[in-house]
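Asker: Sharing a structure, written as structure tokens. Questions coming.
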Amino acid sequence: MRLRLMPREERFFDLFVKDAENVTAAAEMLKRMLAHYDERAVLAERLRDAEHEGDQITHDIGHRLEATFVTPFDREDIHALINGLDDVLDLVEEVGDTFGLYGITEPTPAAQQQAGIVVQQCHQLTQALNQLQGFKDLDKYWIEIHRLENEGDVIVRRAIADLFRNGQEPMEVIKWKDLYGLLEETIDACEDVANVIERIVVKHA
Amino acid sequence: MRLRLMPREERFFDLFVKDAENVTAAAEMLKRMLAHYDERAVLAERLRDAEHEGDQITHDIGHRLEATFVTPFDREDIHALINGLDDVLDLVEEVGDTFGLYGITEPTPAAQQQAGIVVQQCHQLTQALNQLQGFKDLDKYWIEIHRLENEGDVIVRRAIADLFRNGQEPMEVIKWKDLYGLLEETIDACEDVANVIERIVVKHA
Amino acid sequence: MRLRLMPREERFFDLFVKDAENVTAAAEMLKRMLAHYDERAVLAERLRDAEHEGDQITHDIGHRLEATFVTPFDREDIHALINGLDDVLDLVEEVGDTFGLYGITEPTPAAQQQAGIVVQQCHQLTQALNQLQGFKDLDKYWIEIHRLENEGDVIVRRAIADLFRNGQEPMEVIKWKDLYGLLEETIDACEDVANVIERIVVKHA
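Protein chains in written order, with the working numbering: chain A, 38 to 242; chain B, 38 to 242; chain C, 38 to 242.
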């Protein structure tokens, strides 16, 4: 039997990355669902699996947290980090689910673009968490995540204005206002995670 | 004059139960309102009374908290508990009120079922608080509360999918999407209270 | 070079007042926009400027907070205060923006009244912050702020009931339900700031 030589703390960092990778995989599924809408049933199923996987990782980190005296940074920040990633995952799953629930027959380009932004933000978050252990040189990630949020903002504002301008059917307005809103919430939730990481780094600077 | 022999701490537990009983009574009124919709005016009035009663109990607990050095568990958990019960009560009252505001002429079976779930969850919460003082054997209550939340989830998802499937009038969709959403929030708020109680018990285990 | 004789703490109080004055100016712009709707493009622009000004003040306070050992009251209360004012400002800007986004051609009297209530609440908040340093005799401000919130509640309930009573077009209901809701959130956000100030004063009483 080999002794574990890696100190306990490092395993926390590995779990944060694993968590972010799972969220990123879910975001990729959502993006693919909206691009290849005929595969939506299979992808919605896989999204639900990713959500369960995320719950498992969250519980793992939680249990490890209870069993550990020394944590790499404040417990409340670890909680904020894993809860933030969990919020992103729940929203990604909810978006996919709502497309089915509302009987959407064809995703709009605006929704596809929003899903693409979520994927890009998740990649940035994963890279930032991969380098978190050094507690430095992470500025570039959240600058990019905020830039992506602004880009999403322009897309959703134009899409909502179009809904109210083009003599659309009320039922379409009801559906798409919700869907654009949910996707925007997801983008904001990614930004919230970036803010948590920024706070952690500032404390350790 | 008799001396008070009951220690101060026990009175907190009594107040938590009193608070939960008041919330449960309000949930029963809402359930009855949706089942006997011709009595709605009287029941909406009584719901408002229950909300004021709840505010009174919350203030009582708050004042007692300020005047007490030793509390049965962390002050912040007591706050979370009474605020959580207050959220349930506010939502129950808001649901009843919104039926009137939107001029609903007949409650749907799905809304009646959701109200029934809130009542069952409130009974579980009351029983859990009745046994809180021992800080053990409460698992059965939150297992049941989470099971009820899942049951409510199935009901609301089916109801929302029906709204978008059946060529409904947009005005009906606007109204019922809000009402189902508010009832779902109420069910989630009960689950939040269960989570607070679980956290308290875990700390004392 | 003159020495700064004013103690550091006082400058915090000045910044809180400056922050509240900026929020009040924004609320006045929104009220004017809804009363003189032909000036809406210019006023929406000025609202965005006020939002940036508010972000600047918030950052100033934040930096001063990091550089200061002794603060006039708990750091977390200072954060709650400036975040609360920031929430009001963001909502005021969002309301103005949404009127444009939804292509509203004429504001309703109810929306104009709600905007008037926000202005009155902001004046009360500014006056309260002007006298905060004494930590007393502030009761009259939050009594008035809560009274205004109740007044707003009556207005929005009547306006929403009218939406569902008068055989309105679904598109109008969709738009106005959102706008009344956003204005109500703004009024509630002012009340939240009043609650933070009340909490601060109670701690120092």
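All residues carry an ideal CB built from backbone N, CA and C; glycine is no exception. Just so it is clear, the structure is predicted and the values come from calculations on it, not from any experiment.
Under three-state DSSP, which class holds Tyr217 (chain C)?
Answerer: helix
Asker: CA-CA distance, Val107 (chain C) and Ala231 (chain C)?
Answerer: Going from the Cα of Val107 (chain C) to the Cα of Ala231 (chain C) covers about 24 Å.
Asker: Strictly below 9 Å CB to CB, what residues from chain C border Gly140 (chain B)?
Answerer: Ala198, Phe201 and Arg202
Asker: Out of C:Ala64, C:Asn59 and C:Val193, point me to the one whose CA is closest to Thr145 (chain C)'s CA.
Answerer: Of the candidates C:Ala64, C:Asn59 and C:Val193, the one whose C-alpha sits nearest the C-alpha of Thr145 (chain C) is C:Val193.
Asker: Could you work out which residue in C:Arg195, C:His100 and C:Ala117 is closest to Asp134 (chain B) when comparing CA atoms only?
Answerer: C:Arg195
Asker: What is the rounded straight-line gap between the Cα of Glu221 (chain C) and the Cα of Val125 (chain C)?
Answerer: 11 Å
Asker: Measuring only the C-alpha atoms, how far is Gln151 (chain C) from Asp51 (chain C)?
Answerer: 29 Å
Asker: In chain A, which residues lie with their C-beta within 8 Å of the C-beta of Phe211 (chain C)?
Answerer: In the sequence under discussion, the amino acid at residue 211 (chain C) is Ile, which differs from the Phe named in the question. Result: Pro207, Val210, Ile211 and Lys214.
Asker: For the pair the segment 114-130 of chain B and the segment 51-60 of chain B, tell me if three or more CB-CB distances fall below 8 Å.
Answerer: yes
Asker: Taking CB distances under 9 Å as the criterion, tell me whether Gly137 (chain C) reaches chain A.
Answerer: At least one beta carbon of chain A lies nearer than 9 Å to the beta carbon of Gly137 (chain C).
Asker: Let me see if you follow: with CB-CB separation under 9 Å, is Arg236 (chain C) close to chain B or not?
Answerer: no
Asker: Arg184 (chain B) touches chain A at which residues, Cβ-Cβ below 9 Å?
Answerer: Neighbours of Arg184 (chain B) on chain A: none; closest Cβ ~17 Å, over 9 Å.
Asker: Mind listing, in chain order, the continuous alpha helix (DSSP H) runs of no fewer than 4 residues lying wholly within the segment 115-174 of chain C?
Answerer: 146-167
Asker: In this structure, how does DSSP classify Gly189 (chain C) when only helix, strand and coil are distinguished?
Answerer: helix
Asker: Can you check which of these residues, C:Val79, C:His89, C:Phe110 and C:Leu118, is closest to Lys240 (chain C) by C-alpha distance?
Answerer: C:Phe110
Asker: Using a beta-carbon distance below 9 Å, is Arg194 (chain A) in contact with chain C?
Answerer: Yes, its Cβ sits closer than 9 Å to a Cβ of chain C.
Asker: Taking Glu186 (chain C) as the reference, give the member of C:Leu118, C:Glu76 and C:Ile224 with the closest Cα.
Answerer: C:Ile224
Asker: State the Cα-Cα distance for the pair Arg101 (chain A) and Val129 (chain A), rounded to the nearest angstrom.
Answerer: 26 Å
Asker: Using a beta-carbon distance below 9 Å, is Thr61 (chain B) in contact with chain E?
Answerer: Of the protein chains in the structure, A, B and C, none is chain E.
Asker: Grouping DSSP H, G and I as helix and E and B as strand, with all else coil, what is Phe49 (chain A)?
Answerer: Here Phe49 (chain A) sits in helix by DSSP.
Asker: Considering only residues of the same chain and omitting the five flanking positions on each side of Glu181 (chain B), which have a CB-CB separation below 7 Å?
Answerer: Close CB contacts of Glu181 (chain B) within its chain, under the 7 Å cut and outside five residues either way in sequence, are with Gln161 (chain order).
Asker: For Leu200 (chain A) and Val191 (chain A), which I take to be in contact (beta-carbon distance under 8 Å), what is that distance rounded to the nearest angstrom?
Answerer: 15 Å between Cβ atoms; not a contact.
Asker: By Cβ distance, which residues of its chain are closer than 6 Å to Arg184 (chain A), with the 5 residues on each side in sequence left out?
Answerer: Non-local C-beta neighbours of Arg184 (chain A) in its own chain, meaning closer than 6 Å and more than five positions away in sequence, are absent.
Asker: With H, G and I counted as helix, E and B as strand and the rest as coil, what does DSSP make of Phe201 (chain A)?
Answerer: Phe201 (chain A): helix per DSSP, three-state reduction.
Asker: Taking C-beta to C-beta, are Val132 (chain C) and Leu175 (chain C) nearer than 9 Å?
Answerer: no
Asker: Pick out whichever of A:Leu169, A:Ile119, A:Ile197 and A:Gly137 has its Cα sitting closest to the Cα of Ala226 (chain A).
Answerer: A:Ile119
Asker: Just curious, the alpha helix (DSSP H) that Glu82 (chain A) is in, first and last residue?
Answerer: Arg77 to Ala104
Asker: So, under 8 Å CB-CB, Glu143 (chain B) and Tyr217 (chain B) are touching, yes? Tell me the CB distance rounded to an integer number of Å.
Answerer: Wrong, their Cβ atoms sit about 15 Å apart, outside the cutoff.
Asker: Under 9 Å, do Phe172 (chain B) and Met70 (chain B) count as touching if we go by C-beta distance?
Answerer: The answer is no: Cβ separation not under 9 Å.
Asker: Would the beta-carbon of Ile154 (chain A) fall within 9 Å of that of Glu206 (chain A)?
Answerer: no
Asker: Nearest to Val238 (chain C) by alpha carbon, out of C:Gln157, C:Ile115, C:Arg85 and C:Ile197?
Answerer: C:Ile115
Asker: Check the C-beta distance from Leu138 (chain A) over to Ala198 (chain B) and give it rounded, since I have them as a contact under 8 Å.
Answerer: Rounded, the Cβ-Cβ distance is 5 Å, consistent with contact.
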